[in-house]
Each structure stands twice: as C-alpha cells, then as structure tokens.
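All residue numbers for the sequence shown refer to the working numbering, where the first residue is 3 and numbers rise by one.
Beta carbons are placed, not taken as given, at the ideal position from N, Cα and C, and that holds for glycine.
Remember, predicted model here, so these are calculated numbers, not experimental data.
Working notes for the structure below.
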Amino acid sequence: MEHLFIINPVAGKGKALKFIKEIKNLFVNSGKKYLIKITEKPGHATEIAREYTRKGCLRVYSVGGDGTLNEVVNGMVGSNSSLAIIPAGSGNDFIKSIVNSNMEPKDILVRAINGSKVRLADLAKVNERYFINISSIGFDAEVVYNTNKIKKLPCIPGKLAYILGVLITLFKYNNYYLKVTIDGQYIETKSLLTAVANGRYYGGGMLPTPNAEIDDGQFDICLISEVNRFKIFRFLPRFIKGLHGNLKEVSFYRGKKITIECDKDLAINIDGEVNKVRKASFEIIPKAISIVVP
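Set out below in structure tokens:
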C-alpha cells in the first residue's frame with residue numbers, strides 16, 4: 003500500500019508544514035512508499051486526491067483543517083482508498099468524532115501510518131458537493147463567514163475567532179423564514195440556525211448535535227427557531243457545550259433526505275466553507291468512506 007500526504011501549507015497558519023520532517027523520519031528504512039503533495043490553491047486538494055486515487059488503492063492523509071479534509075473527501079468519492087486525518091488546522095472538528103481530543107497530532111500521525119484499524123463512515127451530500135462533518139444554514143453560516151476573516155489575523159486561536167465572529171454577526175443578522183422537509187415531514191419556521199450533521203463538533207469544538215454518529219446512516223438535524231439578539235447571549239454558552247436540547251426554541255430530528263428552501267439567498271456553511279443558496283438538498287450516503295482509526 004502506498005501513502006499519499008496532502009498538505010495544506012496555510013492550514014493552522016503554517017502548522018501543517020511542520021509535519022513534513024516528521025513524515026520523512028517515520029518512513030526512513032521502512033520500505034514503505036509515500037508521496038507528499040503540497041496544495042497550491044483552493045480546490046487543489048480535491049484535484050490531487052482524485053488524480054492519485056484513480057490510479058490505485060492508497061492511504062490518503064489530509065494534513066490540514068476541516069476545509070482541507072472536505073476537499074480531500076470530494077476527491078476520494080467513489081474510490082477504494084482509505085482516509086487518514088492529521089489535524090493541523092485551527093478547528094480540527096471532525097476528528098473529535100473519531101478519537102480522543104487530547105491525543106497529540108504527532109501521535110495520530112504515527113498511529114495512522116502504522117495502524118490497520120479502519121472504520122466505515124457515512125458521507126453526506128448537499129446539492130452537488132460532498133461533506134463529511136456538518137453543514138449549517140443561517141446565523142451560524144454567517145458566523146463562519148466572519149470567523150474565517152478573523153482567523154487570518156495573527157495570534158487569534160480558533161475558539162476566540164469563533165466568539166468574535168458571533169459578536170459581529172449579532173449586529174447585522176435577521177432570522178430567515180424556511181421551508182424544511184425531512185424524509186417527507188414538512189416544517190415551516192422562522193429560523194435562527196439549522197444544522198444538518200454527520201459528525202458532532204464544529205466551530206472549534208461546539209456541539210450542535212451531541213448524539214450524532216458518523217456511521218448510523220442518517221443525519222442529526224438541529225433546528226433552532228427565531229431567537230432575539232439579547233437571548234442569543236444566554237443561549238450560546240449552552241449551545242457551545244451541547245446543553246441546548248431542552249430549550250423551547252430547539253428541536254432535534256433525524257433523517258436521510260432533507261431539503262431547505264428560502265425566498266432569499268441563504269448563507270450555507272459546508273464543513274467550514276460558506277456559499278449562498280436559496281435551496282439546499284441533503285442526502286446521506288451510508289458507509290461510503292473508509293477512515294483510518296488512530
């Protein structure tokens with residue numbers, strides 16, 4: 003088996019590049035074949051993963067954050083290669099659904115290279131794009147947009163950037179009127195936020211869907227109805243810890259196919275990348291990707 007490392011040089015403000023020396027040292031005298039590819043532009047990780055997984059069965063390492071991981075996954079769809087995740091970004095949320103969050107990235111790297119345990123996980127699709135963790139619509143997507151801009155500033159960690167992103171969004175956000183269908187169940191609501199989740203964590207460790215499992219063949223959906231700006235300040239600490247389930251504005255659902263529609267452009271967050279849509283169609287693809295368990 004060959005090992006392909008896809009490294010995002012800007013992930014974690016350059017932290018991902020520090021793994022190169024470690025990778026080379028681990029393969030010295032091992033007899034194993036490996037290749038290191040460094041991305042050069044947005045979307046390049048998808049191109050690299052697609053090019054090489056078409057040639058054969060590989061162990062593909064995503065060395066970066068959740069955005070890098072999303073690109074790698076989109077390039078691996080339909081292949082027989084396995085995915086290893088080396089957390090080197092600012093958030094690194096999806097891997098928290100797989101391993102203990104206290105495990106050091108270097109230990110994860112060593113175990114991923116030498117290990118043989120693989121877990122079949124679900125993939126998700128929204129419109130024409132695949133994702134592996136969480137997609138959200140509304141307030142949170144606007145927060146991600148603002149957070150991504152803040153993360154580019156020096157010396158600001160992921161969680162602080164998220165909190166600042168929330169504060170900025172509070173001053174300009176309006177709740178959206180949504181038409182939501184979950185496996186045929188129709189819901190109309192004025193919504194602050196709707197999260198469609200495969201994994202549990204996002205936003206630097208926030209817990210919108212505490213009971214989500216990455217291999218149960220269905221989405222966990224957190225739908226939060228209209229909340230005024232002042233109440234959001236009381237709401238957020240519980241949302242961060244995953245303790246928001248008993249609030250009257252919060253509803254949880256499970257489903258395999260979801261559509262969300264609005265008559266205005268909506269901000270949609272897909273594994274940390276934000277776009278604008280008026281309709282989002284979600285589909286779960288059970289046990290569609292092999293993930294190396296460190």
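The stretch 109-126 makes no contact with the stretch 167-175: fewer than 3 CB pairs, one atom from each, lie closer than 8 Å. In terms of Cβ geometry, residue 98 and residue 164 do not form a close pair [threshold 8 Å]. The beta carbon of residue 247 sits closer than 7 Å to the beta carbons of 254 from its chain, once the five residues preceding and following it are set aside; these are given in chain order. Counting other Cβ atoms within 10 Å of its Cβ, residue 156 stays below 16 and is therefore classed as exposed. Across the structure, residue 194 and residue 268 are spaced so that their CA atoms are roughly 12 Å apart. Its chain contains 65 as the residues whose beta carbon lies nearer than 6 Å to that of residue 21, once the 5 sequence neighbours on both sides are disregarded; these appear in chain order.
Straight-line spacing of the CA atoms in residue 141 and residue 32 works out to 49 Å. Here DSSP, grouped into helix, strand and coil, assigns residue 202 to coil. In the structure shown, the three-state DSSP call for residue 22 is helix. Going by C-alpha positions, residue 237 is about 42 Å away from residue 81.
Here residue 61 is buried. Its C-beta has 16 or more other C-beta atoms within 10 Å. Looking only at 191, 205, 201, the smallest Cα-Cα distance to residue 214 is reached by 201. With 16 or more other Cβ atoms inside 10 Å of its own Cβ, residue 275 counts as buried.
DSSP lists no bridge partner for residue 266.
Ranked by Cα distance from residue 291, the first of 122, 71, 251 is 122. The DSSP-derived three-state label of residue 121 is strand. Sorting 222, 119, 208 by C-alpha distance to the C-alpha of residue 242 places 208 at the top. Within its own chain, no residue has a Cβ closer than 6 Å to the Cβ of residue 234 once the five positions on either side in sequence are excluded.
When rounded, the separation of the alpha-carbon atoms in residue 17 and residue 53 is 25 Å. Contiguous beta strand (DSSP E) elements confined to the stretch 167-244 occur at 178-184, 187-199, 221-227, taking only those with 3 or more residues. Rounded to the nearest whole angstrom, the CA to CA distance from residue 50 to residue 83 is 13 Å. DSSP places residue 11 outside both helix and strand once states are collapsed to three, so it counts as coil. Each of 175, 138, 35, 79 was checked against the Cα of residue 56, and the nearest Cα belongs to 79.
Secondary structure note for residue 69: its alpha helix (DSSP H) is the uninterrupted segment 68-78.
Residue 49: member of the alpha helix (DSSP H) spanning 46-55, first to last residue. Counting along the chain, the unbroken alpha helix (DSSP H) around residue 143 starts and ends at 141-153.
With at least 16 other beta carbons inside 10 angstroms of its own, residue 148 counts as buried.
In this structure, the beta-carbon distance from residue 37 to residue 6 falls below 8 Å.
Between residue 159 and the set 116, 11, 15, 39, the nearest pair of CA atoms involves 15. In this chain, the beta strand (DSSP E) harbouring residue 293 covers 275-294.
Note that the C-beta distance between residue 273 and residue 104 is not below 8 Å.
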